[in-house]
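Novice:
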Amino acid sequence: MPAQLIERASLTGFEAMARAAGRDDPHPFYYGEQDDETIRIFTEWAEDASDSLAFAILATASVLDLDAVVLAGGLPEDRTRDLLMMTRSALDRYNSKGVHLPELHQAEIGITARAIGSAFLPIYANFSLDRDSLLING
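So for the sequence shown, the working numbering puts the first residue at 65; every next one is plus one.
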């Protein structure tokens with residue numbers, strides 16, 4: 065049975081590969097501690113992950129009219145950029161005839177997005193005059 069996207073493109077796969085290669089804790093990689101061996105492991109993981117992401121993007125674009133896909137996650141900015149470029153390259157290898165492919169973008173906030181978002185909630189809850197004013201209606 066083919067693996068699910070989460071099995072091939074989740075960072076847990078990268079972490080498992082890093083641990084199997086003797087890296088006890090791969091988490092410092094996310095905060096910029098990148099040595100040659102960890103980058104090699106990341107690149108190996110990213111080649112498989114990018115192919116899976118490209119397939120998912122093409123499959124989704126086949127049934128939904130997407131303008132863009134934003135690649136985000138817990139990776140350092142340079143590694144997210146690498147994964148995005150690999151995903152673009154993988155997408156070019158698929159037959160996309162008749163499918164409008166979305167633009168691929170890298171998220172701008174990165175690993176701190178969760179902290180920034182959670183810091184906003186008390187401000188929104190306590191100081192917003194109109195609770196719907198900051199929400200996108202659609």
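Idealized CB from N, CA, C, for every residue including glycine. This structure is a prediction, so every number in the text was calculated from the model and none was measured.
Mind checking which residues open and close the alpha helix (DSSP H) that includes L135?
Specialist: Unbroken run through L135 is the beta strand (DSSP E), 132-135; no alpha helix (DSSP H).
Novice: First and last residue of the beta strand (DSSP E) that includes L168?
Specialist: Note, L168: beta strand (DSSP E), 167-170.
Novice: Answer with yes or no whether the minimum CB distance from L130 to chain B is below 9 Å.
Specialist: Note that chain B does not occur in the displayed structure, where there is just one protein chain.
Novice: Just to confirm, is the Cβ distance from A80 to S114 under 9 Å?
Specialist: Result no, Cβ atoms of A80 and S114 do not sit closer than 9 Å.
Novice: Suppose you measure from the CA of R83 to the CA of G77; what does that come to, to the nearest Å?
Specialist: Cα to Cα, R83 sits roughly 10 Å from G77.
Novice: Span of the alpha helix (DSSP H) holding D146?
Specialist: Here the alpha helix (DSSP H) through D146 covers 141-156.
Novice: Should R87 and E71 be called a contact, given that it needs their Cβ atoms to be closer than 9 Å?
Specialist: Against a cut-off of 9 Å, the Cβ pair of E71 and R87 comes out as no contact.
Novice: Would you report the Cα separation of Q68 and L139, rounded to the nearest angstrom?
Specialist: Distance between the alpha carbons of Q68 and L139: 21 Å.
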